[in-house]
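The C-terminal residue of the sequence shown carries number 235 in this note's numbering, and the numbering is unbroken. These notes are about the structure you will find just below.
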Amino acid sequence: TFKTNVLVNSSGFCEYLPPGIFVSTCNVDVRWFPFDIQRCELKFGSWTFDGWLLDIQMKEADVTGYMPNGEWDLLEVPGDRHEVFYDCCAEPYPDVTFVVTLRRRTLFYALNLLIPCVLLSSMTLLVFLLPANSGEKISLGITVLLSLTVFMLMVAEIMPATSDSVPLIGQYFASTMVIVGMSVVATVIVLQFHHHSLNNGQMPRWVHLVL
25 TFKTNVLVNS SGFCEYLPPG IFVSTCNVDV RWFPFDIQRC ELKFGSWTFD GWLLDIQMKE
85 ADVTGYMPNG EWDLLEVPGD RHEVFYDCCA EPYPDVTFVV TLRRRTLFYA LNLLIPCVLL
145 SSMTLLVFLL PANSGEKISL GITVLLSLTV FMLMVAEIMP ATSDSVPLIG QYFASTMVIV
205 GMSVVATVIV LQFHHHSLNN GQMPRWVHLV L
């Protein structure tokens with residue numbers, strides 16, 4: 025808090041309203057990133073004075089001075105007052121808890137992560153449409169695989185480092201990379217049989233059925 029003076033009127037009533045900036049830590053749930061909603065609890069109370077000496081009363085959170093943020097939307101700041109009784113003492117210990125609810129704005133992530141990833145995933149189908157004689161089937165598959173790797177690294181840099189929950193977008197990128205990798209392997213096998221030399225023997229019957 026910042027230093028400020030105490031206002032004293034003629035009746036002896038004292039009023040002390042110090043402004044302050046409080047820093048708190050919150051658990052971040054990134055499972056639904058970038059469509060996640062985060063809730064952070066801010067608890068205000070006194071461990072020195074009990075409720076008979078310091079009675080904490082709750083007022084509604086004033087968000088009129090809130091300035092819009094480019095990444096988050098402030099949904100609500102509800103508050104609640106509690107009184108806790110401990111085994112050691114008969115006095116109550118009141119506290120006020122505010123829950124700050126934030127919703128992530130998804131336009132930036134949709135344009136820069138989701139839409140390019142879907143387009144890259146759809147380009148994997150073009151690997152099977154290219155003729156084998158073009159010589160670009162494997163190059164296209166590897167290019168898509170490397171592009172997905174770059175996007176996955178970008179997502180890892182944006183999200184906080186936590187192992188409590190695996191984000192769905194990370195699972196999507198990982199599964200897409202596995203599918204693209206399998207398509208590259210299948211393309212290599214197809215090209216191997218396509219360029220199969222007659223000097224190496226006849227192609228097995230089951231290969232004819234699969235291809």
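Cβ atoms here follow ideal geometry from the backbone N, Cα and C, with glycine treated the same way. Every value quoted in this text rests on a predicted model; they were computed, and no experiment measured them.
Residue interval of the alpha helix (DSSP H) (run including residue i)
i      : result
Lys27  : Segment: none, Lys27 is in no alpha helix (DSSP H) and carries neither H nor E.
Cys141 : 139 to 147
Gly165 : 161 to 182
Leu153 : 150 to 153
Residue interval of the beta strand (DSSP E) (run including residue i)
i      : result
Leu126 : 116 to 128
Lys67  : 61 to 69
Glu100 : 96 to 100
Exposed unless 16 or more other CB atoms sit within 10 angstroms - verdict on residue i
i      : result
Pro191 : buried
Lys83  : exposed
Thr211 : buried
Leu172 : buried
Met178 : exposed
Ser158 : exposed
Leu77  : exposed
Ile193 : buried
Cutoff 7 Å; reference residue i; Cβ partners in own chain excluding five residues on either side
i      : result
Val168 : Leu144, Met147, Thr148, Val204
Glu100 : Thr125
Asp60  : Asp53, Val54, Arg128
Phe109 : Pro116
Helix, strand or coil at residue i according to DSSP, with G and I counted as helix
i      : result
Glu39  : strand
Val190 : coil
Phe197 : helix
Gly44  : coil
Phe109 : strand
Gly103 : strand
Ala185 : coil
Ala156 : helix
Gly205 : helix
Phe57  : coil
Phe132 : helix
Ala85  : coil
Trp76  : coil
Nonlocal neighbours in the same chain, by C-beta distance under 8 Å from residue i, ignoring five residues either side
i      : result
Leu215 : Ala156, Lys161, Ile162
Phe197 : Cys141, Leu172, Phe175, Met176, Val179
Ser189 : Asp53, Val54, Arg55
Beta-carbon contacts of residue i that lie in its chain and below 6 Å, excluding the five residues immediately before and after
i      : result
Asp104 : Thr121
Pro58  : Arg128, Thr130, Tyr133
Glu39  : Leu31
Val123 : Arg63, Glu65, Pro102
Ile80  : Pro118, Val120
Val151 : Lys161, Leu164, Gly165, Ser207, Thr211
Glu107 : Pro116, Pro118
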